[in-house]
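Trainee: One structure, pasted below without further comment.
Number of protein chains: 4
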Amino acid sequence: MVILMEMDASEQQVAEVGRVLSGFGLEARLVGGGRKIMCDAGVAQAPVLDALGRLPGVHRVQRVGRPYVLAGKECAEGNTVVRVGRAAIGSGAVTVIAGPCAVESRDQLLDTARAVAASGAKVLRGGTYKPRTSPYSFQGLEQRGLELLAEAAAATGLATVTEVIDEQSLEAALAHVDMLQIGSRNMQNFHLLRAVGRAGKPVLLKRGMSATIEEWLMAAEYILSAGNEQVVLCERGIRTFETYTRNTLDLSAVSLVKTLSHLPVIVDPSHATGRPELIAPMSRAAVAAGADGIIVEVHVNPKEALCDGKQSLEPAAFAGLMAEVGTVSRALGRAI
Amino acid sequence: MVILMEMDASEQQVAEVGRVLSGFGLEARLVGGGRKIMCDAGVAQAPVLDALGRLPGVHRVQRVGRPYVLAGKECAEGNTVVRVGRAAIGSGAVTVIAGPCAVESRDQLLDTARAVAASGAKVLRGGTYKPRTSPYSFQGLEQRGLELLAEAAAATGLATVTEVIDEQSLEAALAHVDMLQIGSRNMQNFHLLRAVGRAGKPVLLKRGMSATIEEWLMAAEYILSAGNEQVVLCERGIRTFETYTRNTLDLSAVSLVKTLSHLPVIVDPSHATGRPELIAPMSRAAVAAGADGIIVEVHVNPKEALCDGKQSLEPAAFAGLMAEVGTVSRALGRAI
Amino acid sequence: MVILMEMDASEQQVAEVGRVLSGFGLEARLVGGGRKIMCDAGVAQAPVLDALGRLPGVHRVQRVGRPYVLAGKECAEGNTVVRVGRAAIGSGAVTVIAGPCAVESRDQLLDTARAVAASGAKVLRGGTYKPRTSPYSFQGLEQRGLELLAEAAAATGLATVTEVIDEQSLEAALAHVDMLQIGSRNMQNFHLLRAVGRAGKPVLLKRGMSATIEEWLMAAEYILSAGNEQVVLCERGIRTFETYTRNTLDLSAVSLVKTLSHLPVIVDPSHATGRPELIAPMSRAAVAAGADGIIVEVHVNPKEALCDGKQSLEPAAFAGLMAEVGTVSRALGRAI
Amino acid sequence: MVILMEMDASEQQVAEVGRVLSGFGLEARLVGGGRKIMCDAGVAQAPVLDALGRLPGVHRVQRVGRPYVLAGKECAEGNTVVRVGRAAIGSGAVTVIAGPCAVESRDQLLDTARAVAASGAKVLRGGTYKPRTSPYSFQGLEQRGLELLAEAAAATGLATVTEVIDEQSLEAALAHVDMLQIGSRNMQNFHLLRAVGRAGKPVLLKRGMSATIEEWLMAAEYILSAGNEQVVLCERGIRTFETYTRNTLDLSAVSLVKTLSHLPVIVDPSHATGRPELIAPMSRAAVAAGADGIIVEVHVNPKEALCDGKQSLEPAAFAGLMAEVGTVSRALGRAI
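First to last, the protein sequences are chains V, D, F and X. Heads up: the first sequence runs through residues 491 to 826, numbered per our numbering. Heads up: the second sequence runs through residues 491 to 826, numbered per our numbering. Heads up: the third sequence runs through residues 491 to 826, numbered per our numbering. Heads up: the fourth sequence runs through residues 491 to 826, numbered per our numbering.
Structure representation (structure tokens):
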């Protein structure tokens with residue numbers, strides 16, 4: 491059960507709801523930061539719901555059938571819109587995030603940033619702290635990479651997003667980027683989820699590579715319950731038996747999450763497929779499935795990329811992709 | 491290696507190619523029915539390829555890196571178009587196949603057929619021999635169901651497709667329907683694949699529920715190598731750990747198969763998702779991903795369906811679906 | 491609900507149970523061949539159960555919570571023992587089935603048969619009709635292979651098992667072998683399941699490569715409900731994301747099926763792992779998990795095998811395997 | 491390529507190897523803490539290998555075909571034995587770790603600890619910082635739980651292991667427990683892996699729920715390359731389509747890892763199956779497959795457990811399990 495308080499409910503009104511809940515033997519809990527929502531995991535009876543609904547300051551009382559509460563559609567008045575620079579993710583427009591897998595050098599980043607900005611991307615991606623399967627692989631430019639992202643943002647007007655992997659990288663990123671990414675491998679790093687929940691910046695939450703839809707929404711719940719409502723979900727492919735593609739892009743998860751949650755959802759066709767020839771069709775399909783945007787790997791020189799070059803698009807291919815995505819978006823009445 | 495003979499190559503020319511191959515120690519084999527293609531699994535050297543390419547009647551000599559030969563793009567002059575009634579699957583237009591999971595009664599089938607025809611479907615689906623997980627479940631109307639399909643076709647102008655599960659049902663279906671379906675569970679029933687390969691009617695080949703893309707194309711290869719080139723592939727979801735959806739629709743497989751093979755590919759969003767609210771977004775996405783069509787479960791009274799009622803659309807919802815699919819199709823310059 | 495009749499119940503007594511069920515509005519159905527069991531899918535109330543239990547000739551009335559009835563433990567008086575030659579599979583002893591993937595020649599088969607017999611195997615395996623992913627691969631010696639199996643049986647005293655893939659191969663096999671195998675790809679070929687159900691010979695039913703445990707038991711139900719109670723289940727690995735092994739052997743399925751069903755279960759470590767170095771540890775583990783036996787690929791000359799040579803054991807390695815399996819079996823008080 | 495230096499190689503000898511590598515255009519890197527191993531990811535030619543092998547202080551030069559270096563068998567002189575209290579994991583003896591999912595209270599923990607010690611367990615498990623899917627679930631007693639573990643250890647002579655989930659819990663655990671557990675969800679939390687790599691205590695590294703064997707060994711490589719060689723791997727089931735079991739226990743991974751790596755491997759049948767009736771057969775099978783031990787959930791009162799009660803064994807059932815595991819262990823010549 492969730493009790494949504496009015497936006498202007500007073501602390502006394504909130505406390506009174508708690509007292510009434512105690513009277514029914516239920517435990518109250520404040521969640522969702524300033525939204526003054528209270529919840530109880532128990533299943534409440536109709537008289538209890540009615541009594542609570544009549545209390546002053548209470549906007550709505552809601553039974554919840556799923557374990558996620560704040561991430562669920564029932565708990566919101568409408569779809570959440572997450573603003574990152576000029577992008578309004580979840581507003582109906584299709585947001586395109588693009589950039590290299592990893593920030594490698596000033597030239598590489600600025601050239602790529604200018605190219606993607608020219609083609610209409612709104613947000614620049616670039617890994618600076620890279621979670622790599624091997625301890626011997628390139629681990630990212632770290633602080634220097636963050637500074638380059640900030641410089642590229644200033645030069646192009648793009649907003650920026652980068653992955654954070656621990657408290658140190660989170661701390662460093664806060665000063666330089668507009669959005670924090672939680673990668674697939676950290677989707678259930680609950681400590682880190684709480685930390686970005688407190689950080690107060692928009693979060694891009696990638697689905698774990700074998701996470702169920704429910705677990706993905708529960709990961710968002712961690713961030714929301716820590717007080718941060720600016721969460722964008724990102725589907726990036728799940729692990730299956732197929733070997734022709736790097737992962738299996740689960741677009742039905744995108745459509746389903748749009749019915750279960752008020753949070754925006756975007757799609758990463760680059761990591762999902764690992765094949766450049768599939769990025770355009772999967773981007774078109776993502777928009778058609780209702781995704782709020784896409785995040786695409788672009789590199790000015792894929793052959794020399796330190797990371798995931800094989801699946802990166804060159805700027806010209808990216809411009810073509812934007813045109814294709816635009817066609818589908820406009821047909822569905824959506825801006826890009 | 492595959493040697494494509496000219497369409498008008500003589501038997502002597504074919505035999506001569508065989509003799510030359512023998513001289514190189516290679517075994518010749520005629521495949522692909524009337525297409526007069528010869529192949530050898532071995533990897534041939536450049537001088538051999540050159541020598542063969544200069545023989546009279548030889549159109550093209552092709553190395554093949556994948557185990558499928560006739561299903562591969564290299565072996566075809568262009569995309570295959572499979573004609574079923576008024577539908578030309580693979581021609582660029584989006585073909586919609588619709589109808590009930592199972593043929594249950596005359597009224598049920600004719601009412602559904604009229605509804606889907608009115609909304610623009612070109613082919614009527616309806617199970618008459620049902621492969622059911624339980625021996626105690628409804629197994630289909632069999633012969634009577636086939637006759638009803640034929641009656642519905644006559645009444646509406648729709649073509650028809652039904653699943654065949656063994657030689658007896660295949661024999662019976664040949665007299666009454668326009669297209670034979672091989673279901674997921676039979677995708678590697680090689681005996682049945684060869685039988686529909688000899689039957690000379692268009693075949694709708696569903697992907698096995700955990701088949702790799704390569705295995706799916708190899709199943710098509712069985713049909714093609716038996717002499718039947720009228721094969722349409724159908725992606726219907728693969729089995730994963732996710733439980734919110736019945737299966738996980740693999741749209742990247744659709745786009746990838748379009749780059750690997752000349753065969754048309756359609757998508758079944760009904761079985762893939764098992765959720766009516768996902769059928770429209772997944773149909774839009776399928777068309778955007780490049781699918782040549784969709785196959786959708788429609789029932790005049792889903793609540794009383796003997797099979798898969800939960801995921802069936804009512805006629806009104808199907809009409810809405812057609813409008814949505816039409817919007818995406820037209821935006822991509824495709825008829826429907 | 492299942493009603494087990496006494497073994498000597500008369501036809502009149504069976505008919506009377508049917509009449510009483512009709513009186514309660516329930517539909518009766520005779521299943522399980524001569525076992526005179528009647529079942530109804532509906533959930534019956536206690537008074538109905540009691541009334542039925544008091545009828546003459548009724549041995550036991552049983553509610554059933556799972557969709558499989560005849561395969562379920564509730565429907566049997568004890569564990570089923572399937573006799574194949576000198577082997578009593580399910581009796582507590584550990585049965586070892588061994589032999590080549592495919593019968594290739596007289597020498598290959600007889601040499602292998604003598605070797606596995608000398609090491610203690612009771613049943614000889616050998617594919618004669620091979621379901622191959624590619625239509626161009628070796629498809630088996632067919633009739634000639636069956637004759638060689640019969641010759642090897644006569645020469646060694648081993649019983650024999652071979653895979654059947656359609657009615658023709660089933661018909662041919664009936665005359666020459668002691669046990670019929672249904673392969674993974676045909677686990678849901680319901681037509682074939684019914685055919686071996688009527689054939690009256692022991693059946694080795696392999697689990698489909700991504701079949702759930704319930705689907706596997708439902709496949710057995712098809713055979714049992716056609717009147718054949720001599721079914722041995724075989725776990726052979728499921729398909730997962732792992733690529734170091736050919737499949738992922740699911741030994742917990744073995745232990746679980748032993749609690750759900752009265753049917754014997756054996757394990758195929760050769761196909762499950764695809765790696766010879768894992769066959770001994772997985773065989774030991776299978777016996778420790780409660781498997782009723784193992785089926786192992788052995789070839790006198792693995793390097794020249796036409797099929798699955800990489801995972802075949804040479805006779806000396808097989809002898810070592812038998813010693814290891816014997817050690818674990820004896821420790822658990824089981825003969826081998 | 492890896493160069494194992496002699497255990498008593500001097501710093502000058504190590505430096506000289508680095509200089510020679512530079513001369514060949516290769517980059518040297520010290521890894522593995524005090525073991526003075528140097529490696530280079532490049533593939534070296536035979537003359538280079540020979541030249542390096544002749545340098546003073548060099549014990550062995552080894553090409554490496556897999557991406558894990560320190561975790562690979564080639565880099566070790568024998569199997570690693572990890573000592574935790576009286577347990578020597580990897581020595582050939584079978585180590586049993588047991589205890590509750592979560593530490594809940596003094597009585598619960600001490601009663602359980604005494605029971606498992608009496609039955610022969612050597613290490614006590616108990617979660618104190620719990621990574622929970624829901625932010626609203628019980629998150630563990632934290633510091634108080636660690637103190638109770640230390641008290642239980644003092645009272646029973648058991649060693650202790652608990653999961654750490656971030657730097658704060660790691661810091662706290664170091665003072666109170668003998669072994670640090672990295673849970674499945676953190677298997678690729680590379681920051682945490684490096685932190686336990688520096689901590690100098692034995693680490694129990696659980697396999698991620700859909701990690702490949704290679705990724706699992708690469709996670710161990712992170713810990714080893716940070717200087718900590720005391721790593722025990724733990725297989726705990728992977729995620730598949732099966733729903734009758736919580737996960738699918740992958741015992742072939744255990745046997746395979748024993749051939750690929752020198753690190754000990756244990757098995758967690760409780761989380762893998764989620765079913766108490768499968769814990770004994772899977773424990774027997776684990777030992778037969780070559781596992782170095784098992785980790786089992788035991789609770790004095792499973793019905794009132796705050797976490798995973800359904801899959802916990804009561805003390806009496808655990809005593810029975812120990813007897814069964816002992817039987818298999820002794821048969822294979824292993825102590826317990």
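Just so it is clear, CB atoms sit at the ideal spot from N, CA and C, and this is done for glycine as well. These numbers were taken from a predicted model, which means no experiment stands behind them.
Counting contacts by CB-CB distance shorter than 9 Å, is serine 700/X in contact with chain D?
Mentor: To locate residue 700/X, count along the fourth sequence from 1; it is residue 210. Closer than 9 Å to some Cβ of chain D, the Cβ of serine 700/X qualifies, so yes.
Trainee: Between the alpha carbons of glycine 717/V and glycine 690/V, how many angstroms are there, rounded?
Mentor: Within the first sequence, the letter at position 227 stands for residue 717/V. Within the first sequence, the letter at position 200 stands for residue 690/V. Going by the C-alpha atoms only, they are around 8 Å apart.
Trainee: Kindly indicate which residue of Ser659/F, Leu739/F, Val790/F, Ala743/F has the alpha-carbon position closest to the one of alanine 743/X.
Mentor: In the fourth sequence, residue 743/X corresponds to position 253, counting from 1. Of Ser659/F, Leu739/F, Val790/F, Ala743/F, the residue nearest in Cα terms is Leu739/F.
Trainee: According to a CB-to-CB cut-off of less than 8 Å, which residues of the region 710–736 of chain X neighbour chain D?
Mentor: Arg729, Thr730, Phe731, Thr733
Trainee: Using DSSP's beta-bridge definition, name the partner residues of alanine 588/F.
Mentor: Here residue 588/F refers to the residue found at position 98 of the third sequence. The partner list for alanine 588/F (beta bridge, DSSP) reads Leu614/F, Val786/F.
Trainee: My guess is that histidine 681/V and threonine 570/V are in contact by the Cβ rule of under 8 Å, so how many angstroms apart are they, rounded?
Mentor: By 1-based counting over the first sequence, the position of residue 681/V is 191. By 1-based counting over the first sequence, the position of residue 570/V is 80. Between the beta-carbon of histidine 681/V and that of threonine 570/V there is about 24 Å, and that puts the pair past the 8 Å contact cut.
Trainee: Give me the DSSP bridge partner(s) of leucine 494/X.
Mentor: Looking up residue 494/X in the fourth sequence gives position 4. Answer is Ile527/X, Arg550/X, bridged to leucine 494/X.
Trainee: In the DSSP output, what is arginine 573/D paired with across the bridge?
Mentor: Sequence index remark: in the second sequence, residue 573/D carries index 83 (1-based). The partner list for arginine 573/D (beta bridge, DSSP) reads Ala578/D.
Trainee: I'd like to confirm something about glycine 780/D: is its beta-carbon nearer than 8 Å to some heavy atom of the ligand NAD, or not?
Mentor: Absence of the ligand NAD from the depicted structure is noted, as is the absence of any ligand whatsoever, leaving it without description.
Trainee: Please list the segments of the alpha helix (DSSP H) lying wholly inside the region 743–774 of chain D, counting only runs of 4 or more residues, in order along the chain.
Mentor: 759–763
Trainee: Between the Cα of threonine 650/D and the Cα atoms of Ala642/D, Met528/D, Glu657/D, which residue gives the shortest distance?
Mentor: Within the second sequence, numbered from 1, the residue matching residue 650/D stands at position 160. Here the closest residue by C-alpha is Ala642/D.
Trainee: With a Cβ-Cβ cutoff of 9 Å, do valine 593/F and threonine 652/F count as a contact?
Mentor: In the third sequence, residue 593/F corresponds to position 103, counting from 1. In the third sequence, residue 652/F corresponds to position 162, counting from 1. Contact flag set, yes.
Trainee: Which value, in whole angstroms, describes the spacing of the CA atoms of leucine 539/V and methionine 497/V?
Mentor: For this step, residue 539/V is matched to residue 49 along the first sequence. For this step, residue 497/V is matched to residue 7 along the first sequence. About 20 Å.
Trainee: Which residue wins for smallest C-alpha separation from serine 773/X, given the options Ala588/X, Glu567/X, Val554/X?
Mentor: On the fourth sequence, position 283 is the one that residue 773/X refers to. Considering only alpha carbons, the answer is Ala588/X.
Trainee: Quick one: give me the first and last residue of the alpha helix (DSSP H) that methionine 708/V is part of.
Mentor: For the purposes of this step, residue 708/V is taken as the residue at position 218 of the first sequence. Taken as a continuous stretch (DSSP letters only), the alpha helix (DSSP H) holding methionine 708/V covers 703–715.
Trainee: What in chain F is Cβ-close to glutamate 564/D, meaning under 8 Å?
Mentor: For the purposes of this step, residue 564/D is taken as the residue at position 74 of the second sequence. Under the 8 Å cutoff, chain F gives no residues; its nearest Cβ is about 16 Å from glutamate 564/D.
Trainee: Would you mind stating whether glutamine 671/F and alanine 709/F have Cβ atoms separated by less than 9 Å?
Mentor: The residue labelled residue 671/F in the question sits at position 181 within the third sequence. The residue labelled residue 709/F in the question sits at position 219 within the third sequence. Cβ atoms of glutamine 671/F and alanine 709/F: not closer than 9 Å.
Trainee: Cβ atoms of valine 507/D and methionine 491/D: under 9 Å apart, would you say?
Mentor: Position 1 of the second sequence holds residue 491/D. Position 17 of the second sequence holds residue 507/D. No, the pair does not count as a contact, with Cβ atoms beyond the cut-off.
Trainee: Taking only beta carbons into account, state which residues of the region 772–798 of chain V come closer than 9 Å to chain X, listed in chain order.
Mentor: none
Trainee: Using the Cβ count rule (16 or more neighbours within 10 Å means buried), how would you classify arginine 576/X?
Mentor: Residue numbering aside, residue 576/X sits at position 86 when the fourth sequence is read from its first letter. It is exposed - the Cβ of arginine 576/X has fewer than 16 other Cβ atoms within 10 Å.
Trainee: So what does glycine 562/F bridge to, in DSSP terms?
Mentor: Taking the third sequence and counting its residues from 1, one reaches residue 562/F at position 72. As DSSP reads the structure, glycine 562/F sits in a beta bridge with Ser751/F.
Trainee: Roughly how many whole angstroms lie between the Cα atoms of alanine 578/D and leucine 750/V?
Mentor: As a first step, residue 578/D must be located in the second sequence, where it is residue number 88. As a first step, residue 750/V must be located in the first sequence, where it is residue number 260. If you take the alpha carbons of alanine 578/D and leucine 750/V, they lie about 38 Å apart.
Trainee: Which residues of chain F have a Cβ atom closer than 9 Å to the Cβ of glutamate 804/X, listed in chain order?
Mentor: Position 314 of the fourth sequence, counted from the first residue, corresponds to residue 804/X. Here the premise fails: no neighbours, minimum Cβ distance about 18 Å.
Trainee: Alpha carbon to alpha carbon, what distance is there between isoleucine 756/V and arginine 556/V?
Mentor: Working through the first sequence from its first residue, we reach residue 556/V at position 66. Working through the first sequence from its first residue, we reach residue 756/V at position 266. If I take the Cα positions, the gap works out to 22 Å.
Trainee: Please report the distance separating the alpha-carbon of leucine 520/X from that of leucine 741/X.
Mentor: Counted from its first residue, the fourth sequence places residue 520/X at position 30. Counted from its first residue, the fourth sequence places residue 741/X at position 251. About 34 Å.
Trainee: Measure the alpha-carbon distance for glutamate 637/D versus arginine 736/X and round it to whole angstroms.
Mentor: Counted from its first residue, the second sequence places residue 637/D at position 147. Counted from its first residue, the fourth sequence places residue 736/X at position 246. The straight-line gap separating the alpha-carbon atoms of glutamate 637/D and arginine 736/X is approximately 46 Å.
Trainee: By alpha-carbon positions, which one of Lys793/V, Ala778/V, Leu803/V ends up nearest to valine 786/V?
Mentor: Locating residue 786/V in the first sequence gives position 296, where the first residue counts as 1. Looking at the Cα atoms, Leu803/V is the closest of the given residues.
Trainee: Nearest-angstrom Cα distance between proline 546/V and leucine 560/V?
Mentor: Here residue 546/V corresponds to residue number 56 of the first sequence, with the count starting at 1. Here residue 560/V corresponds to residue number 70 of the first sequence, with the count starting at 1. Taking the straight line from one Cα to the other gives about 22 Å.
Trainee: Once DSSP output is grouped into helix, strand and coil, what is the label at valine 793/F?
Mentor: Position 303 of the third sequence holds residue 793/F. This sequence places lysine at residue 793/F; valine is not what is there. Of the three classes helix, strand and coil, the one that applies to lysine 793/F here is helix, per DSSP.
Trainee: If I follow the unbroken alpha helix (DSSP H) through glutamate 594/X, where does it start and stop?
Mentor: Residue mapping note: residue 594/X aligns to position 104 of the fourth sequence, counting from 1. Run containing glutamate 594/X: none; DSSP gives neither H nor E here.
Trainee: Buried or exposed: which applies to glutamate 732/X, given that a residue is buried once 16 or more other Cβ atoms fall within 10 Å of its Cβ?
Mentor: In the fourth sequence, the residue the question calls residue 732/X occupies position 242. Around the beta carbon of glutamate 732/X, 16 or more other beta carbons sit within 10 angstroms, so the residue counts as buried.
Trainee: Could you check what DSSP says for glutamate 814/V in three-state terms: helix, strand or coil?
Mentor: In the first sequence, counting from the first residue as 1, residue 814/V sits at position 324. In the structure shown, glutamate 814/V sits in a helix (DSSP, three-state: H, G or I).
Trainee: Taking 9 Å as the threshold (C-beta atoms), are cysteine 591/F and glycine 816/F in contact?
Mentor: Within the third sequence, residue 816/F is the residue found at index 326, counting from 1. Within the third sequence, residue 591/F is the residue found at index 101, counting from 1. Not in contact: glycine 816/F and cysteine 591/F (Cβ atoms no closer than 9 Å).
Trainee: Quick one: list the residues of chain V neighbouring alanine 813/D, beta-carbon separation under 8 Å, in chain order.
Mentor: For the purposes of this step, residue 813/D is taken as residue 323 along the second sequence, with counting starting at 1. Correct list: empty, because the minimum Cβ distance to chain V is about 12 Å.
Trainee: Is there a C-beta anywhere in chain D that falls below 9 Å from the one on aspartate 656/F?
Mentor: If you number the third sequence from 1, residue 656/F lands on position 166. Yes, aspartate 656/F lies at the interface with chain D (some Cβ there is under 9 Å from its Cβ).
Trainee: Just mark lysine 793/D as buried or exposed, buried being the case when its beta carbon has 16 or more other beta carbons within 10 Å.
Mentor: Numbered from 1 along the second sequence, position 303 holds the residue referred to as residue 793/D. Taking every protein chain shown into account, the CB of lysine 793/D has fewer than 16 other CB atoms within 10 angstroms, so this residue is exposed.
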